[in-house]
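Residue numbers (the working numbering), protein chains in the order written: chain A, 1 to 104; chain B, 1001 to 1104.
Note that the Cβ used here is the ideal one computed from N, Cα and C, for glycine as well.
Some notes on the structure that comes next.
Protein chains: 2
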Amino acid sequence: MPKQKEYTLKGLSERELLELADLFKMFADSTRIKILYDLFDGEKNVTEICEDIEMNQSAVSHQLRALKTAKLIKSRRDGKSVMYSLDDDHVKTIIEMGKEHIEE
Amino acid sequence: MPKQKEYTLKGLSERELLELADLFKMFADSTRIKILYDLFDGEKNVTEICEDIEMNQSAVSHQLRALKTAKLIKSRRDGKSVMYSLDDDHVKTIIEMGKEHIEE
DNA sequence: TATTCATATGAAAAGTTGTTCATGTGTTTC
DNA sequence: GAAACACATGAACAACTTTTCATATGAATA
């Protein structure tokens, strides 16, 4: 039996297109952009991030989890703290491209 | 009277952060990614786009308007048709960066 | 000018998302 | 081991998005 013809758009499968959209969803919220941008400096714990971006701890934790699931950041425990840092080289490039667009 | 201290995260104002998020929202939906990706080939009219991405005309028109408002695409009328094309050099780069991330 | 083709648009429904609140878990310190 | 500190999590609500349906507008053609 022949395999069901799957929709693709010039080599991109429906599944890959959805993954792409999910990835960009991570950049589609200003709280998450603040977190990512804050981590440009390097590793920080949750309390530091909360102070830097002026958001409460619960909201930040929820967004950190989303960013981690999307593999944009990683974490390690350090005593009572959990340290977060960027986990993808493309994050900076993507945000920089965005900045260039809005600065035109 | 001193100006009210405005929140900024390392030089990015709250306003710019919201603009950035709004920009990335445009990439955060697979229908819009399909449209943008489809336009990598060059100018196309609405009917062509609908066929390529297999979506109905109304849904596509709504998304075309969003992309145009965000200045990612531009349009010109050609007889009965309206031709759409990319209006930002960064669009390809941003999508390519996204592809690289998910392909890891 | 009536009809047809191409596109745009408004309203409504269904789904998704972000924040808050309350509370739970893990780690250190006393 | 009790208290304090740091972080995570589930539920609930409000706000926002995307698609569909119906219909409107605009341009070409008979």
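query: Cβ pair Asp1029/B, Ala21/A closer than 7 Å; result: yes
query: Proximity test, Cβ basis, 7 Å: Gly11/A and chain B; result: no
query: Reference Val1082/B, options Cys1050/B, Leu1012/B, Asp1088/B, closest by Cα; result: Cys1050/B
query: Backbone secondary structure at Lys74/A - three-state DSSP; result: strand
query: CB of Ile1095/B within 7 Å of CB of Tyr1084/B, strictly; result: no
query: Short CB-CB distance (under 7 Å) between Gly79/A and chain B; result: no
query: Endpoints, alpha helix (DSSP H) assigned at Met1097/B; result: 1090 to 1102
query: Chain-ordered chain B contacts of Tyr7/A [CB-CB under 7 Å]; result: Glu1054
query: Phe1027/B, buried or exposed, once every other Cβ within 10 Å from all chains shown has been counted against 16; result: buried
query: Backbone CA spacing between Ser1013/B and Asp87/A [nearest angstrom]; result: 25 Å
query: Option nearest Ala105/A by Cα separation, candidates Leu17/A, Met97/A, Ile33/A, Glu103/A; result: Outside the displayed span of chain A (1 to 104) sits residue 105/A, for which this structure offers no information.
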